[in-house]
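Protein chains in written order, with full-length UniProt numbering: chain A, 1 to 258; chain B, 1 to 258.
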């Protein structure tokens, strides 16, 4: 606990606590030592102790509980989504086993021994600019939006909003606000086959609304994952924007070098 | 500027400023209105104004400049890396044009009309646990680490640490702390060919060291991108851990559904 070269006192406290967290001495969900205890241990003022703890809150290693107590952040059990196979897997499973697969995401979660659930709302919207560009929609073109909050074991894990050009899906079961279980996926069920995807991943802090819908602790960044699906002729069929909080997700890809 | 339903005063200030930023009324790099001006405009206390601004700092929309001035965050010009083709492209270019390609990353950046530079240090290390697992290293196995800070137009853009099993690369040019320009990449130059990659992407706040090396503004999350490269027999040859700040990167993949 001696003063470390080039560190301020508060940085020193943050450094020590960081070490105790990464070594497992302080575990996820555990309370930090009380301010009084740290004041005695370090011989520093309450203000200095607080400044040190604040550094760890900004780094996302420590969260504030109810009653202002400070705890080591406890991550959700991470869900790993393999985006290379996510949408081909249920189709494949069907071909082989002849079962009815659910939504590809739901079946991926269920296979991991967890309980998937999603709340779906369907609406006809002017899509966000980014989505409009992905879908090659004209300026006045509308999209059908299927917005989902995805739960794993009753905890909110992700927001997933799919947008379809209105002309492609009007009058189909995609317009209904419920889970569409179809071999090959929701688009295949109406005769549209995605042959290729382009995925773009951006990393940022959540908006206020995202933080509320996903019950995010402070300092929890998200990946904004935008998947555009194309048919064999390169026509965009769907744009799916998924918000994946960093404390409950890993994103996986497999790439072969040909 | 009227009080919005269900919002506290500080949330109302954050809401208004957020709207002005997203509408472009307040642009990246521009100073926020002064506290005194906002106090007059809203009729709220200095403390309330500060609390509202603090909400936007936590969201990463506002940064604190020197002298404690508050500014709309100005993102770096984003660099888009296509991880599906990143490592095959220079090989391909060589095959076709017979030129000497540089490091794949450097040539990708140069093609975008920007100036790449990287500082490289080489060391023999006990790799982090995560890397040890990716490389299937025994408990006492060592790795050769090539750690790079990657600059674009003289600004730090990413940290990229490649780890190789020591037995594979000892005594080769990979041990030299300089850019290895080789058709097909650094491993191919010593006869090792990567046939497949597995990429795992995690999203988190930066460590203190990462924030310093990359000169990150507050509330800037990073992607930790771990690429493991395997030969045709499934033997791991390399594990590359890249730290990609969200304010200067997009990650791209192309997936075909076969």
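For every residue, glycine included, the Cβ atom is placed at its ideal position computed from N, Cα and C.
(1) Give every residue of the same chain whose Cβ lies closer than 8 Å to the Cβ of residue 58 of chain B, excluding the five residues on either side of it in the sequence, and list them in chain order.
(2) Exposed or buried, residue 106 of chain A, counting other C-beta atoms within 10 Å across all chains shown (16 or more means buried)?
(3) Could you please give the first and the last residue of the uninterrupted alpha helix (DSSP H) stretch that includes residue 39 of chain A?
(4) Whole angstroms is fine: what's the gap from residue 191 of chain A's alpha carbon to residue 87 of chain A's?
(5) By the criterion of Cβ-Cβ separation under 9 Å, what are the contact partners of residue 200 of chain B in chain A?
(6) According to DSSP, is residue 199 of chain A helix, strand or coil?
(7) Within a Cβ cutoff of 8 Å, which residues of the same chain sit near residue 73 of chain B, ignoring the five residues on either side of it in sequence?
(8) Taking 6 Å as the limit between beta carbons, can you name the residues of its chain near residue 92 of chain A, skipping five residues before and five after?
(9) Put residue 153 of chain A into one of helix, strand or coil per three-state DSSP.
(10) For residue 79 of chain B, write down the residues that DSSP places opposite it in a beta bridge.
(11) Taking 6 Å as the cut-off, is the beta-carbon of residue 47 of chain B closer than that to any non-hydrogen atom of the ligand COA?
(12) Beta-carbon within less than 7 Å of residue 136 of chain B's beta-carbon, same chain only, minus the 5 sequence neighbours each way: which residues are those?
(13) Residue 31 of chain A by DSSP, collapsed to three states: which one?
(14) I'd like to know if residue 203 of chain A contacts chain B, where contact means its C-beta is closer than 7 Å to some C-beta of that chain.
(15) In the DSSP assignment, what are the bridge partners of residue 169 of chain B?
(16) Report the three-state DSSP secondary structure of residue 147 of chain A (helix, strand or coil).
(17) Show which residues of chain A have a CB atom less than 9 Å away from the CB atom of residue 256 of chain B.
(18) Give the straight-line distance between the Cα atoms of residue 251 of chain B and residue 83 of chain B, rounded to the nearest whole angstrom.
(19) Can you find a CB in chain A that lies within less than 7 Å of the CB of residue 228 of chain B?
(20) Alpha helix (DSSP H) containing residue 57 of chain B: first to last residue?
(21) Output needed for residue 241 of chain A: all residues of its chain with C-beta closer than 6 Å, excluding positions within five of it in sequence on either side, in chain order.
(22) For a contact defined as C-beta to C-beta under 7 Å, what are the partners of residue 222 of chain B on chain A?
(23) May I ask you to list the residues that DSSP assigns as paired with residue 118 of chain B?
For this structure:
(1) 219
(2) buried
(3) 35 to 42
(4) The alpha-carbon atoms of residue 191 of chain A and residue 87 of chain A are separated by roughly 16 Å.
(5) 80, 250, 251, 252, 253
(6) strand
(7) Around residue 73 of chain B: 28, 60, 61, 62, 63, 217, 247.
(8) The predicted position of residue 92 of chain A is uncertain, since its pLDDT is 44 and thus under 50; a value taken from the coordinates is nonetheless stated next. Contacts found: none.
(9) Reduced to three states, the DSSP call for residue 153 of chain A is coil.
(10) Beta-bridge annotation (DSSP): residue 79 of chain B is paired with B:249.
(11) With respect to small molecules bound, the structure shown includes none, and the ligand COA cannot be examined in it.
(12) Within the same chain, Cβ atoms closer than 7 Å to the Cβ of residue 136 of chain B are found at 236, the five residues on either side in sequence being excluded.
(13) Residue 31 of chain A falls in the strand class under three-state DSSP.
(14) Taking 7 Å as the CB threshold, residue 203 of chain A lines the interface with chain B.
(15) Note: residue 169 of chain B sits in no beta bridge, so no partner.
(16) strand
(17) 195, 196, 197
(18) 7 Å
(19) no
(20) 46 to 58
(21) Closer than 6 Å at the Cβ level, and outside the excluded window around residue 241 of chain A, lie 161, 226.
(22) 203
(23) B:150
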